[in-house]
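One structure is given below, encoded as structure tokens.
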Amino acid sequence: MVRPEYFSVAPSLRFNSPTFILRVKKLNCLLFHLNTNSFMNKIALITGASSGFGKAAAEKFAANGYNIIITGRREHLLLGLQKELAGRYGIEVLPLVFDVRDRTAATDAIAGIPEHWQAIDVLLNNAGLALGKDYFDEADLDDWDTMLDTNVKGLLYVTKAVLPFMTARNQGHIINLGSVAAIDVYEKGNVYCASKAAVDTISKAMRTDLLRHRIKVTVIHPGAADTEFSLVRFKGDAATAQKTYEGYQPLTALDVAEVIYYCVSLPAHVCVNELIITCTAQANGFYTFRG
Ligand code: NDP
Ligand code: 8X3
Numbered sequence: 048m049v050r051p052e053y054f055s056v057a058p059s060l061r062f063n064s065p066t067f068i069l070r071v072k073k074l075n076c077l078l079f080h081l082n083t084n085s086f087m088n089k090i091a092l093i094t095g096a097s098s099g100f101g102k103a104a105a106e107k108f109a110a111n112g113y114n115i116i117i118t119g120r121r122e123h124l125l126l127g128l129q130k131e132l133a134g135r136y137g138i139e140v141l142p143l144v145f146d147v148r149d150r151t152a153a154t155d156a157i158a159g160i161p162e163h164w165q166a167i168d169v170l171l172n173n174a175g176l177a178l179g180k181d182y183f184d185e186a187d188l189d190d191w192d193t194m195l196d197t198n199v200k201g202l203l204y205v206t207k208a209v210l211p212f213m214t215a216r217n218q219g220h221i222i223n224l225g226s227v228a229a230i231d232v233y234e235k236g237n238v239y240c241a242s243k244a245a246v247d248t249i250s251k252a253m254r255t256d257l258l259r260h261r262i263k264v265t266v267i268h269p270g271a272a273d274t275e276f277s278l279v280r281f282k283g284d285a286a287t288a289q290k291t292y293e294g295y296q297p298l299t300a301l302d303v304a305e306v307i308y309y310c311v312s313l314p315a316h317v318c319v320n321e322l323i324i325t326c327t328a329q330a331n332g333f334y335t336f337r338g
């Protein structure tokens, strides 16, 4: 026979006892906080998250518990990524659709993010492109405008819009995507190389001027990586784009995302200022062994 005392419930745990009611209220309060966030999570804003490095970085940050703000022009890709990453990793994703070349759109989109998204820990300035690969005298002025407007001015607009959120907290990490093209000017690279050299110089300037706000600035210079980059550069000519990667194993977007995440995961007092990453077959902007 089961003795009655095994069924007795401590007075404080009886449903109608004041202590029990208080405990339930406290539990509800805790659950409410857990629900309304995940805003204990860190926040990363990633430009150009609809493809390539940006998309791979979005997944890497999401997998590590970051809430992410993903930006780009192709809304359907951002919405698809939002659904996928929020579902897979249980984090929050805020898509922002704007063209980084549009100063007002970029500034307004970022200035208007909800308050609980404003504590941005990491800004990944990744949106960018090459357009054309032509001799200087034969290149298209519109291509040059687009590259400078996107790679240089777009990066400046986004950074200026995000900085008030970082300086307010005296903390943050800005990662800029340069390229080996910033370091070695190869034939027919002209203005793309110049735009990435500008990113390199701007990164040094940011690092210097933002020291007083304890904001880290890292510039990452990747070599050839198989993303949509070449398809965009050669304006949809898939055969020419594919030739870029023939005869060797290029970097993948994931390779670069891993390195980006390594840089942000270092202790607060450590900053990777500059980093060059190529596939093993590539020495620099000039030499690639196609065996
Ligand atoms: P992808 O073409 O795959 O991705 C580029 C991203 O930039 C897309 O998400 C695109 O989004 C976004 N983007 C382009 N223009 C704009 C714009 N005007 N406004 C907003 N977003 C824009 O290329 P990668 O991932 O390879 O390139 C990412 C960065 O890395 C670039 O800065 C590139 O120069 C640099 N890089 C690339 C290398 C490579 O070999 N792949 C090597 C070294 C550096 P959407 O079209 O939706 O707007
Ligand atoms: C992209 C790499 O070598 O095509 O920045 O310039 S390269």
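Here my numbering is used: the first residue of the sequence shown is 48, the next is one more, and so on.
We treat Cβ as the ideally placed atom computed from N, Cα and C, and that holds for glycine.
Small disclaimer: the values here were computed from a predicted structure and weren't measured.
Looking at residue j and residue i, is the spacing between their C-beta atoms short of 9 Å?
i, j, result
"T265", "E185", "no"
"I157", "L202", "no"
"G236", "N173", "no"
"S97", "R121", "yes"
"V199", "V232", "no"
"A229", "H268", "yes"
"I323", "I262", "no"
"A241", "Y295", "no"
"I307", "K107", "yes"
"L132", "V144", "no"
Could you round the C-beta distance between residue i and residue j to whole angstroms and report it? I think they count as a contact, below 8 Å.
i, j, result
"N331", "V227", "6 Å"
"T291", "A304", "That belief does not hold up - the Cβ atoms of T291 and A304 are roughly 20 Å apart, past 8 Å."
"A104", "L171", "6 Å"
On the three-state DSSP scale, how would you describe residue i?
i, result
"N223", "strand"
"Q218", "coil"
"R259", "helix"
"L81", "For L81, the predicted structure reports a pLDDT of 48, less than 50, and the residue's modelled location is therefore unreliable. A value from the coordinates is still provided. Helix, per DSSP."
"C318", "coil"
"V306", "helix"
"A174", "coil"
"N237", "helix"
"V232", "coil"
"N75", "Only weak support exists for where N75 lies, its pLDDT of 48 falling under 50; the value from the coordinates is given anyway. Looking at N75 - three-state DSSP - the assignment turns out to be helix."
Of the residues the options, which one's Cα is nearest the Cα of residue i?
i, options, result
"E162", "E234, Q329, L141", "L141"
"D146", "K243, C240, I117, D187", "I117"
"V279", "L132, F108, L178", "L178"
"R216", "F281, G137, V169", "V169"
"D256", "L143, L210, L313, H123", "L210"
"N111", "H123, F183, V319, N88", "N88"
"A252", "T197, T206, E275, C310", "T206"
Are any of the Cβ atoms in chain C nearer than 9 Å to that of residue i?
i, result
"L125", "Looking for chain C here will not work: only one protein chain is present."
**OP:** Specify which residues have a beta carbon nearer than 5 Å to any heavy atom of ligand 2, listing them in chain order.
**Re:** Going along the chain, the residues that qualify are S226, A228.
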